[in-house]
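Counting in our numbering, the sequence shown runs from 112 upward without gaps.
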Amino acid sequence: MNINIRNARGFIEGALRVKTKDSRIVPLKLNQPQERLYNAVKGQAKQQKPIRIIILKARQMGFSTLTEALIFHRTVTRRNVNSLIVAHKDESSNNLFNMSKLFYENLPPELQPMRKASNARELVFENPTKSQVEKQRNPGLRSKIKIATAGGQGVGRSDTLQNVHISELAFWPGDKKDTLNGILQSVPNSQSTMVVIESTANGFDHFKELWDQAVAGESDFESLFFPWFDMQEYRVKVPPGFELTEEEEKLKEAFSLDNEQLAWRRWCIKNNCSGDLDLFKQEYPSTPGEAFLTTGTPVFDNDKVILRLNQLRAQYRDSPPLVGNIESNYTPDGDPVKGTESFIPTPNGWLTIYEKPRGNAPYVIGVDVAEGGADWS
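Next up, the structure:
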């Protein structure tokens with residue numbers, strides 16, 4: 112088998128095997144969302160940057176699988192690499208550990224590094240011999256993959272880590288911010304490192320804070336959102352007599368969906384979400400706003416807010432808004448000089464203008480005033 116171990120894509124699709132939903136062991140082939148994530152990782156690596164990605168997603172799109180595959184490749188083909196995978200509960204940790212074990216067990220023999228036996232949820236790639244002479248002569252890679260569950264004491268604090276997968280951060284128990292910060296302190300700021308944070312939404316929590324920072328360009332994390340309709344298999348044959356509701360018509364227009372996708376959406380709400388539309392929007396969002404609004408506790412009606420956001424996206428699809436800041440001249444005392452204000456376009460500005468103001472028209476301004484410095488005002 113001719114596999115270039117330095118080619119991540121070739122290694123992943125040529126050497127790794129996964130278990131399908133119907134329990135078959137098959138080669139790992141990237142789907143469309145996985146392809147987009149892979150290209151984001153490749154793009155950052157090409158720029159010789161530390162790989163930092165945060166993912167907001169719909170369920171069952173395969174991001175854990177691809178992230179484990181990337182980490183596995185980076186660990187079993189290099190020396191002295193420490194990788195950590197942290198899930199939100201034991202069941203998920205076990206699943207991710209079994210996935211990594213399956214990768215190893217199905218590697219072609221010529222690609223299998225030596226592996227030391229371990230009772231913990233970790234794969235240690237070093238010479239298993241008890242002979243110190245032999246171990247010194249041929250130590251093996253001395254690399255390892257460790258799988259942990261969030262909430263444990265000192266997760267990730269004792270090692271220097273090159274690769275980290277943070278799975279379902281929004282559902283971590285305890286102080287997720289403190290746990291995550293402890294892990295991130297263990298990752299050097301070097302181009303050989305990779306951190307991938309992925310989660311579905313769970314209200315306005317630390318994951319939401321990290322997502323907003325990435326979207327605003329306030330961190331080095333690249334934000335990637337994957338709506339449910341990015342998954343090509345999320346479609347079913349349109350049943351006889353199928354007619355779209357008013358809401359489905361608006362979704363179809365806003366996101367250029369077809370009836371097979373909307374038929375799957377209707378099926379999923381009925382069969383996988385117990386008929387709960389809000390649960391579907393949490394698990395299978397169409398927009399980042401929908402994901403967080405549905406799982407939060409807002410004063411205003413979620414459905415109406417989301418519907419209006421979708422209408423605006425359709426309305427301004429061909430005329431993207433202006434983003435920038437308002438700047439002005441200042442007096443020596445630091446006061447702005449009236450009449451010198453101007454709008455300066457900048458990608459990460461705090462002001463978004465969807466439509467320029469019209470003369471002789473009434474306007475209403477709503478203001479969210481910060482309380483106790485908890486958010487920006």
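Where a beta carbon is used, it is the ideal one built from N, C-alpha and C, also for glycine.
- Message: On the DSSP letters alone, give me the boundaries of the alpha helix (DSSP H) that Ser-203 sits inside.
- Response: Judged by DSSP secondary structure, Ser-203 falls within the alpha helix (DSSP H) whose first and last residues are 201-216.
- Message: Taking 8 Å as the cut-off, does the region 447-462 touch the region 427-439 (at least 3 CB pairs, one atom from each stretch)?
- Response: Counting Cβ pairs under 8 Å, three or more are found: they touch.
- Message: Out of Arg-189, Asn-471, Lys-140 and Gly-314, which one is the CA nearest neighbour of Pro-396?
- Response: Ranked by Cα distance from Pro-396, the options Arg-189, Asn-471, Lys-140 and Gly-314 are led by Gly-314.
- Query: What do you reckon, are the CB atoms on Ile-256 and Ser-194 nearer than 8 Å?
  - Reply: In this structure, Ser-194 lies closer than 8 Å to Ile-256 by Cβ.
- Ile-162: which of Val-307, Glu-394 and Gly-328 sits nearest, CA to CA? Looking at the Cα atoms, Val-307 is the closest of the given residues.
- Since Thr-178 and His-317 are thought to touch, with beta carbons under 8 Å apart, how far apart are those beta carbons, to the nearest angstrom? Not quite, the Cβ-Cβ distance comes to about 20 Å (not below 8 Å), so this is no contact.
- Message: On a Cα-Cα basis, can you pick out the residue from Phe-122, Asn-150 and Ala-151 that is closest to Leu-139?
- Response: The option with the nearest alpha carbon to Leu-139 is Phe-122.
- Message: For the structure I just gave you, are there three or more beta carbon pairs, one from the region 364-383 and one from the region 150-164, closer than 8 Å?
- Response: Counting Cβ pairs under 8 Å, fewer than three are found: no touch.
- Report the three-state DSSP secondary structure of Glu-371 (helix, strand or coil). Three-state result, Glu-371: helix.
- Message: So, with DSSP's three-state summary, where would you put Thr-260?
- Response: Reduced to three states, the DSSP call for Thr-260 is strand.
- Item | Proximity winner among Gln-422, Asp-387, Ser-334 and Ser-278, relative to Gln-491 (alpha-carbon distances) | This structure does not reach residue 491, given that the chain is present from 112 up to 488, and the question cannot be answered.
- Kindly list the residues whose CB is nearer than 7 Å to the CB of Gln-247, restricted to its own chain and excluding five residues on each side of it in sequence; keep chain order. No residues qualify anywhere along the chain.
- Grab me the residues of Phe-366's own chain with a C-beta within less than 7 Å of its C-beta, minus the 5 sequence neighbours each way, in chain order. Excluding residues within five positions, the ones whose Cβ falls inside 7 Å are Phe-340 and Ser-397.
- Task: Mind checking which residues open and close the beta strand (DSSP E) that includes Lys-130?
- Result: The continuous beta strand (DSSP E) containing Lys-130 extends over residues 128-130.
- Task: Pick out whichever of Arg-469, Lys-363 and Asn-370 has its Cα sitting closest to the Cα of Gly-352.
- Result: Ranking the options by Cα distance to Gly-352, first place goes to Asn-370.
- Reduced DSSP secondary structure (H/G/I, E/B, other) of Asn-436: Strand at Asn-436.
- Item | Buried or exposed (CB count within 10 angstroms, at least 16 for buried), Ser-488 | Interpretation of Ser-488 is limited by its pLDDT of 46, a score under 50 that renders its predicted location unreliable; no figure is taken from the coordinates.
- Short check: CB of Ala-169 to CB of Phe-337, under 8 Å? Inclusion of Ala-169 and Phe-337 in the CB contact set at 8 Å is warranted, their separation being smaller than that value.
- Look at the alpha carbon of Asn-150 and the alpha carbon of Gly-445, and state the distance between them as a whole number of angstroms. In a straight line, the C-alpha of Asn-150 is about 46 Å away from that of Gly-445.
- Query: To the nearest whole angstrom, what separates the beta carbons of Phe-411 and Lys-319, a pair I think is in contact under 8 Å?
  - Reply: Their Cβ separation, rounded to whole angstroms, is 17 Å, which puts Phe-411 and Lys-319 out of contact at 8 Å.
- If you run the structure through DSSP and keep just helix, strand and coil, what is Ile-308? Three-state DSSP puts Ile-308 in a strand.
- Task: Give the single residue among Gln-372, Leu-335 and Ala-180 whose Cα lies nearest to the Cα of Lys-348.
- Result: Nearest C-alpha to Lys-348 among Gln-372, Leu-335 and Ala-180: Gln-372.
- Which class does Ile-380 belong to by DSSP, given the choice of helix, strand or coil? DSSP places Ile-380 within a helical segment (H, G or I) once states are collapsed to three.
- Query: Apart from the five residues just before and just after Arg-424, which ones in its own chain have a Cβ nearer than 8 Å to its Cβ?
  - Reply: Same-chain partners within the cutoff: Ala-365 and Thr-398.
- Pairwise C-alpha distance: Ser-310 and Phe-391: Straight-line Cα distance between these residues: approximately 15 Å.
- Among Asp-323, Gln-343, Arg-346 and Glu-344, which one has its Cα closest to the Cα of Leu-335? For Leu-335, the nearest C-alpha among the options comes from Asp-323.
- How should Ser-439 be labelled, buried or exposed, when 16 other C-beta atoms within 10 angstroms of its C-beta is the threshold for buried? A residue is called buried once 16 or more other Cβ atoms fall within 10 Å of its Cβ, and Ser-439, having fewer, is exposed.
- Query: Under the three-state reduction of DSSP, which class applies to Ser-488: helix, strand or coil?
  - Reply: At Ser-488, the pLDDT of 46 sits below 50, so the modelled position is not reliable and the matter cannot be decided from this model.
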